[in-house]
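Let me begin by presenting the structure, written as structure tokens, before commenting on it.
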Amino acid sequence: MRGDENMSNPVIRFDEKEGHPIYISQRELRLRYEMPVGEIYSFFKGLEEGKVLASRCEVCGQLYFPPQGACPKCREQKMGWVDLSGEVELLAFTQIFVRPQSFSAEQPYFVGVARCKQGVNILARIANVDDPKKIRVGMRLKLRAERTPAGVPIYLLEL
């Protein structure tokens, strides 16, 4: 079954291993997200200003990315902000060939996990890479914020 088929009628197929029936229904699903961001509004404001921010508990010192509005470790709500933008070390990466619908018009792309000098790991898209031979685990990348062509602020890794 191809991902672009329009299946208005469900199909029953059978599991190859044990022969169990599997119900398959494929249809377009559109989602609209509305998320209250109250305590982490500074994260989104930072992206708009070109910074990638993590939250730090002012009581126990724990650093969080993605940012948290309250500390999961000590449960305090006294959180500050730390700018993570700058040089990071690539820990792992992969190339995405099967893209979600919202990225279907794009060529296959890379995502990676990188460690910031502050010690937190970040999962992000790696920009401007078309050949896996150009990147390797352990190399230095830059973590930065930018706007998409649609004007949405995002963070990414780049060579």
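Throughout the sequence shown, residue numbering follows the working numbering, covering 226 to 384 in sequence. Ideal placement from N, C-alpha and C gives every residue a C-beta, glycine not left out. All values reported here derive from a predicted model rather than from experimental measurement.
- According to DSSP, residue pairing for V338 in a beta bridge involves A317, L348.
- For the 9 Å CB-CB criterion, F318 and F290 do not form a contact.
- Judged by DSSP secondary structure, G271 falls within the alpha helix (DSSP H) whose first and last residues are 266 to 273.
- S327 counts as exposed, since fewer than 16 other beta carbons sit within 10 angstroms of its beta carbon.
- By the 16-neighbour rule on beta-carbons within 10 angstroms, M304 is buried.
- Three or more beta-carbon pairs drawn from the stretch 298 to 316 and the stretch 338 to 345 are found closer than 8 Å, and the two stretches are therefore classed as touching.
- C282 counts as buried, since at least 16 other C-beta atoms from the protein chains shown sit within 10 angstroms of its C-beta.
- Residues of the same chain with a CB within less than 7 Å of the CB of P246, apart from the 5 flanking positions on each side, are I237, F239 in chain order.
- Around the beta-carbon of G263, fewer than 16 other beta-carbon atoms lie within 10 Å, marking it exposed.
- Per the C-alpha coordinates, the member of P357, V307, L381 positioned closest to F322 is P357.
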